[in-house]
Amino acid sequence: MPRYIVVAPEHVAGRRTAFAAVVTLNDASPFRRNIRPWVKGSDVFIFNLTGPHCAKAGLDTNDRCKVTLIPIG
25 MPRYIVVAPE HVAGRRTAFA AVVTLNDASP FRRNIRPWVK GSDVFIFNLT GPHCAKAGLD
85 TNDRCKVTLI PIG
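Using the working numbering, the first residue of the sequence shown is number 25, and each one after it goes up by one.
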């Protein structure tokens, strides 16, 4: 089952296009993800999670978590 994190506009202020970032969930090991607009022209962004990412952070579907995004470049 795919899992996604939805990123509210205030957390990516000024972004309009996809960008690469280092992501940390609940202070677990960081990993790289491409953060993309929900749909073209949207100010809401999303990125997907794999099963191993969820397991390392102790997450299940619909859980809330602390998300840290550090843009690359």
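For glycine and all other residues, C-beta sits at the position ideal for the given N, C-alpha and C. Bear in mind the structure is a predicted one, so any value in this text is a computation, not a measurement.
Identify which residue in 92, 87, 75 has its Cα closest to the Cα of residue 26. 75
Counting contacts by CB-CB distance shorter than 8 Å, is residue 26 in contact with chain D? Considering every chain present, this structure includes no chain D. It has just one protein chain.
So what does DSSP say about residue 42, is it helix, strand or coil? coil
Just confirm the distance between the C-beta atoms of residue 59 and residue 45, as a whole number of angstroms; I'd bet it's less than 8 Å. 5 Å
Residues of its chain near residue 41, where Cβ-Cβ distance is below 8 Å and the 5 sequence neighbours each way are ignored: 61
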